[in-house]
Amino acid sequence: MNQENPMFYQVLSKLLDYPDEALLAALPELRGEIRRGLEAAEWLVLDRFLNHLEKLDLTEAQAAYVMTFDLTPEHALHLTHHLFGDDKNRGPALIDLSEFYKEFGLEMVANNVLANDSAANEGSNEIPDYLPLMLEFAAQLSLEESRFFLAQWARVLNQLATNLEDAQSPYAPLIRLVEQRSLLVRAAA
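Take the sequence shown: its letter number 113 is residue 112 in numbering that gives the first Met the number 0, and every next letter is one higher.
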């Protein structure tokens with residue numbers, strides 16, 4: 000489990016997933032869980048986003064999410080899309096990512112959740128490059144492993160964050176946080 004703040008990637012995963020009533024109801028709890036162990040700059044980014052989300056009702060939050068991620072391909076949370084688009088090479092990349100998860104004893108199950116093999120749902124059709132799913136995976140890893148895993152996606156995370164910044168999306172700083180964590184592996188090398 001990630002030693003820095005085990006909840007960091009889990010909370011980011013929830014905040015970057017499609018908002019529902021449970022998320023909005025859990026915002027105060029998430030705020031308390033995530034604050035521990037963060038640098039001041041990281042906390043400020045998350046606090047601003049949580050403040051933004053708290054001002055929205057469910058319909059507004061969902062509409063903003065759809066407008067941001069579902070209707071603009073440059074904002075897609077499926078990271079291989081930024082590398083391959085709909086190219087035939089995307090399929091093998093998705094398979095490789097699924098196999099990578101399996102090496103850690105995890106399989107994708109319904110609702111973008113990774114679980115031990117024994118809990119896996121064979122009928123799941125989730126795409127393994129969905130950033131909230133990848134963050135759930137990173138939360139299961141050690142600090143070094145999570146940073147190394149995310150470092151492989153640093154270029155894509157940078158492009159996604161830039162695209163969101165250009166659109167003045169409140170989600171952009173969250174992607175930058177993930178990117179910054181991924182860059183720490185390079186600084187340590």
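Virtual Cβ for every residue (Gly too), placed ideally from N, Cα, C.
If you look at Pro-27, you'll find it in the alpha helix (DSSP H) that goes 20-34. For the alpha helix (DSSP H) assignment, the uninterrupted runs of no fewer than 4 residues enclosed by the stretch 140-180 are, from N- to C-terminal side, 142-150 and 153-165. Within a 10 Å sphere around the beta-carbon of Val-10 sit 16 or more other beta-carbons, which makes this residue buried. Contact between the stretch 27-36 and the stretch 44-51 is present, with at least three C-beta pairs closer than 8 Å. Excluding the 5 residues flanking it on each side, Phe-68 has same chain C-beta neighbours closer than 6 Å at His-74 and Leu-76, in chain order. In the structure shown, the three-state DSSP call for Glu-38 is coil. Unbroken alpha helix (DSSP H) stretches of 4 residues or longer found wholly inside the stretch 43-104: 57-64, 78-83 and 89-102, given in chain order.
In the structure shown, Tyr-17 falls within a coil segment according to DSSP collapsed to helix, strand and coil. In terms of Cα proximity to Arg-146, the closest of Phe-99, Ile-94, Leu-57 and Arg-180 is Arg-180. Here Pro-27 is not near Leu-57, since their CB atoms are 8 Å or more apart. The Cβ atoms of Lys-13 and Leu-29 lie closer than 8 Å to each other. Looking from the CA of Gln-151, the closest CA among Leu-130, Ala-166 and Ser-168 belongs to Leu-130.
A straight line joining the alpha-carbon of Gly-90 with that of Ala-21 spans about 33 Å.
Here Tyr-129 is bridged, per DSSP, to His-77. Taking every protein chain shown into account, the CB of Asp-165 has fewer than 16 other CB atoms within 10 angstroms, so this residue is exposed.
Taking C-beta atoms under 8 Å as the contact rule, Leu-70 and Tyr-170 fail to qualify, at a distance of about 14 Å. Here Val-65 is exposed. Its C-beta has fewer than 16 other C-beta atoms within 10 Å. Apart from the 5 residues on each side of it in sequence, Ile-174 sits with its Cβ closer than 7 Å to the Cβ of Leu-156, Leu-159, Ala-160 and Leu-163 in its chain, given in chain order.
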